[in-house]
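Protein sequences, first through last, are from chains A and B. Positions -11 to 311 (the numbering used here) are the ones given, in order, by the first sequence. Positions -11 to 311 (the numbering used here) are the ones given, in order, by the second sequence. Quick reminder that beta carbons are idealized off the backbone N, C-alpha and C, glycines included. To start, the structure itself, in structure tokens.
Protein chains: 2
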Amino acid sequence: MPEGGELPDLDAIRAAHARIAPFVHRTPVMSCTAIDEQAGASLFFKCEHLQKIGAFKARGACNAVFSLDDATARRGVVTHSSGNHGAALAYAARRRGIRAWVVMPENAPAVKRANVERFGATVRLCAPNVAAREAACAEVARESGATLIHPFDDPRVIAGQGTAALELLEAVGDLDAIVAPCGGGGLLSGTAIAAKGLRASIDVLGAEPANADDAARSFASGRLEPLPATTTIADGLRTTLAPRTLAALRAHVKAFGTCSEASIVRAMRMIFERMKQVVEPSAAVPLACLLDRSLDVAGRRVGIVVSGGNVDLDRLPWLGANA
Amino acid sequence: MPEGGELPDLDAIRAAHARIAPFVHRTPVMSCTAIDEQAGASLFFKCEHLQKIGAFKARGACNAVFSLDDATARRGVVTHSSGNHGAALAYAARRRGIRAWVVMPENAPAVKRANVERFGATVRLCAPNVAAREAACAEVARESGATLIHPFDDPRVIAGQGTAALELLEAVGDLDAIVAPCGGGGLLSGTAIAAKGLRASIDVLGAEPANADDAARSFASGRLEPLPATTTIADGLRTTLAPRTLAALRAHVKAFGTCSEASIVRAMRMIFERMKQVVEPSAAVPLACLLDRSLDVAGRRVGIVVSGGNVDLDRLPWLGANA
Chain A
-11 MPEGGELPDL DAIRAAHARI APFVHRTPVM SCTAIDEQAG ASLFFKCEHL QKIGAFKARG
49 ACNAVFSLDD ATARRGVVTH SSGNHGAALA YAARRRGIRA WVVMPENAPA VKRANVERFG
109 ATVRLCAPNV AAREAACAEV ARESGATLIH PFDDPRVIAG QGTAALELLE AVGDLDAIVA
169 PCGGGGLLSG TAIAAKGLRA SIDVLGAEPA NADDAARSFA SGRLEPLPAT TTIADGLRTT
229 LAPRTLAALR AHVKAFGTCS EASIVRAMRM IFERMKQVVE PSAAVPLACL LDRSLDVAGR
289 RVGIVVSGGN VDLDRLPWLG ANA
Chain B
-11 MPEGGELPDL DAIRAAHARI APFVHRTPVM SCTAIDEQAG ASLFFKCEHL QKIGAFKARG
49 ACNAVFSLDD ATARRGVVTH SSGNHGAALA YAARRRGIRA WVVMPENAPA VKRANVERFG
109 ATVRLCAPNV AAREAACAEV ARESGATLIH PFDDPRVIAG QGTAALELLE AVGDLDAIVA
169 PCGGGGLLSG TAIAAKGLRA SIDVLGAEPA NADDAARSFA SGRLEPLPAT TTIADGLRTT
229 LAPRTLAALR AHVKAFGTCS EASIVRAMRM IFERMKQVVE PSAAVPLACL LDRSLDVAGR
289 RVGIVVSGGN VDLDRLPWLG ANA
């Protein structure tokens, strides 16, 4: 096993794709002339905001839940999540007919909490820090025998997330590059393994808010560089890498870009206005990096994984006090 | 010629479809389980908010502009419009390489004015009333020889708008009903002629804000019943029918539904939240009528023409003073 833990290969991603096909959407790929002009490149947006539960996380959670043997599955599953992975696990558990517990920070957006509860999962609130959420997860596991499905530090989850890139490259084969946002690195790891496996010449690029650039720093230094605090509106990207995802990124990613908070808002609004798509701030981070020119893709054909669309519509970041 | 003026038939709509194919998108059809549950029916949304210029109006304008002979086209085109038809005519004129003038009321939303100017059309502002806009149009026509392309009282425009329903029925053949919003009646007329021509058993239904229900009243009485004033957030539906569109609706439409302003906001937000699609208030009116149960489609398969997505993102109707 490589340092950091097992990683899926392309075959595992293909197997995941077959396993989850009955439970997730094959999302469309969109393009937009007006945004291409702004970015100076031909962009192909893989629309995971149109995925079940409104985010790519449905893929990894379904792969993990449907990989469990029956006896294990019957005891249920548990996770901690700022929201989308929690909703995804709740959805996957409901589809399999098992229980799910989701540990969430008290300050999670209302829309994300509602998204968990509508699938019948039990929410446990905890203080917004790593120690509190891990303690709460461990307690649930102890009480119920539920299996922990980590949001990204899990080869089944990474394989599931990689299926979005698999579909994108099936739809648009001749991409020069593919960009995914990076929080804990599950999506970017799966994207990288799928994309490099299918097309060795492709450049895999990571995108991060400058205010939460732990992955870019860790990628550069080769060791985990967690940040003491992050203050980005891209709430899905505040987490830090695990040794497993860092190993995957070091093996397959070419470069990282970072972007300002203002550019995230600008990119998000551009996607609303020009593409008429509702996306969450994290999903706008790749386009923000292209607009900031922190990733160089001039004139190229570039796939972008649009990670999710679960945004609080009462608090859009270009409005009022948030602007 | 029938009372009210010439109307297109299905063949004219098919010809329009072939004529405009190089210049407009074949938009996707979306569905959404969560909204189906709320509506109590299976809904198929024809996504004209993803059309060129962000609205179905691109279809009618392109058909009209590309129907002109060369000598006439060279003198340009002119119209009056609260926005989307103006943008559509500007777009069509640019694609044909001719000039366009658009007369707009001074109080049109900023996003709609910008949408006209980005295609190089000349905007003329006028007072927000019928007399002022018709005078301004006549003046432009006198000065330039430009052809007036009316937003809806024109058989070429009606034929173009009908192409959305043509595509929807090609994609989903077994619809029990089709619903379109009704302002001046161009979209609903074209939808009705296309849908009844392709599928005689289908119910064609009109949707209107209760605050601007002139079409429902006129449809019931058989004569034009313009309202003295309308106060709906569905700014695309404030116009009244023409004799031509009333004749088409009386011939083909089964019933009208109306909805409250609160239901328009609720339906619009539901489309943002559940479908992750940015739509304008007018586009949410059909769903609002279904949620209000003013149209009875329980358990049926229903097509909905989602008319457009040009909404001012700084003034979403569920926010602040608008709510």
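CB contact below 9 Å: residue i versus chain B
| i | result |
| --- | --- |
| Lys264 of chain A | yes |
| Gly74 of chain A | no |
| Leu301 of chain A | yes |
| Arg47 of chain A | no |
| Pro97 of chain A | no |
| Pro341 of chain A | Because chain A in this structure spans residues -11 to 311, residue 341 of chain A falls outside the shown range and cannot be described. |
| Pro169 of chain A | no |
| His37 of chain A | yes |
| Leu307 of chain A | yes |
| Arg7 of chain A | no |
| Pro16 of chain A | yes |
| Gly28 of chain A | no |
| Gly42 of chain A | yes |
Chain A within 9 Å of residue i, Cβ atoms only
| i | result |
| --- | --- |
| Arg82 of chain B | no |
| Phe260 of chain B | yes |
| Leu304 of chain B | yes |
| Val293 of chain B | no |
| Arg257 of chain B | yes |
| Val285 of chain B | no |
| Val267 of chain B | yes |
| Asn310 of chain B | Any reading at Asn310 of chain B needs caution, since the residue's pLDDT is 46, under 50, leaving its predicted position unreliable; the model's value is listed next. It does not: the Cβ of Asn310 of chain B has no partner Cβ on chain A nearer than 9 Å. |
| Gly297 of chain B | yes |
Rounded Cβ spacing between residue i and residue j (contact assumed at less than 8 Å)
| i | j | result |
| --- | --- | --- |
| Cys20 of chain B | Arg262 of chain B | 5 Å |
| Thr15 of chain A | Leu31 of chain A | About 15 Å separates the two Cβ atoms, so there is no contact after all. |
| Ala49 of chain B | Gly148 of chain B | 7 Å |
| Val99 of chain B | Gly74 of chain B | Contact doesn't hold; Cβ gap of about 12 Å is too wide. |
| His240 of chain A | Ile292 of chain A | Their Cβ separation, rounded to whole angstroms, is 17 Å, which puts His240 of chain A and Ile292 of chain A out of contact at 8 Å. |
| Ala203 of chain A | Leu237 of chain A | 7 Å |
| Ala43 of chain A | Asn298 of chain A | 6 Å |
| Lys242 of chain A | Val167 of chain A | Not confirmed; about 10 Å, so no contact. |
Residues near residue i in its chain [Cβ-Cβ closer than 7 Å; skip 5 each side]
| i | result |
| --- | --- |
| Asp302 of chain B | none |
| Asp162 of chain B | Arg289 |
| Leu136 of chain B | Val66, Thr67, Cys125, Ala129 |
| Glu105 of chain A | Val111 |
| Ser380 of chain B | Limits of chain B in this structure are -11 at one end and 311 at the other, which puts residue 380 of chain B out of reach. |
| Ala183 of chain A | Ala153, Leu157, Ile166, Ile190, Val192 |
Same chain, Cβ closer than 8 Å to residue i, five either side skipped, listed in chain order
| i | result |
| --- | --- |
| Asn310 of chain A | Low confidence applies here, because Asn310 of chain A scores a pLDDT of 46, under 50, leaving its location unreliable; read the following figure in that light. Once the five neighbours on either side are set aside, the close Cβ partners of Asn310 of chain A are Ile221, Arg303, Leu304. |
| Glu(-6) of chain B | Pro143, Arg232 |
| Glu(-9) of chain A | Pro231, Ala235 |
| Arg187 of chain B | Leu157, Gly161, Leu163 |
Beta-carbon contacts of residue i that lie in its chain and below 6 Å, excluding the five residues immediately before and after
| i | result |
| --- | --- |
| Thr110 of chain A | Trp89 |
| Ser55 of chain B | Arg144 |
| Thr228 of chain A | Asp202, Pro214 |
| Ala27 of chain A | Leu278 |
| Phe33 of chain B | Met18, Ile292, Val294 |
| Ala29 of chain B | Val285, Arg288, Val290 |
| Arg83 of chain B | Phe11 |
| Pro93 of chain A | Pro116 |
Test item: CB-CB of residue i and residue j under 9 Å
| i | j | result |
| --- | --- | --- |
| Gly133 of chain B | Arg63 of chain B | yes |
| Thr102 of chain A | Cys114 of chain A | Sequence inspection shows Ala at residue 102 of chain A; the Thr mentioned does not correspond to that position. Not a contact, by the Cβ cut-off of 9 Å. |
| Gly178 of chain B | Pro(-4) of chain B | yes |
| Cys170 of chain B | Gly194 of chain B | yes |
| Pro139 of chain A | Gly108 of chain A | no |
| His13 of chain A | Leu154 of chain A | no |
| Gly224 of chain A | Asn72 of chain A | yes |
| Gly296 of chain B | Lys40 of chain B | no |
| Glu196 of chain A | Val267 of chain A | no |
| Ala81 of chain A | Val53 of chain A | yes |
| Met258 of chain A | Leu275 of chain A | yes |
Quiz prompt | Length at least 4, wholly inside the stretch 64 to 147 of chain B: the alpha helix (DSSP H) runs in chain order | solution = List check, alpha helix (DSSP H) in window: 72 to 84, 98 to 105, 118 to 132.
Quiz item: What beta strand (DSSP E) runs, 3 residues minimum, are completely inside the stretch 221 to 265 of chain A?
Solution: 243 to 247
Quiz item: Which full runs of the alpha helix (DSSP H) of 4+ residues lie inside the stretch 153 to 191 of chain A, going along the chain?
Solution: 174 to 186
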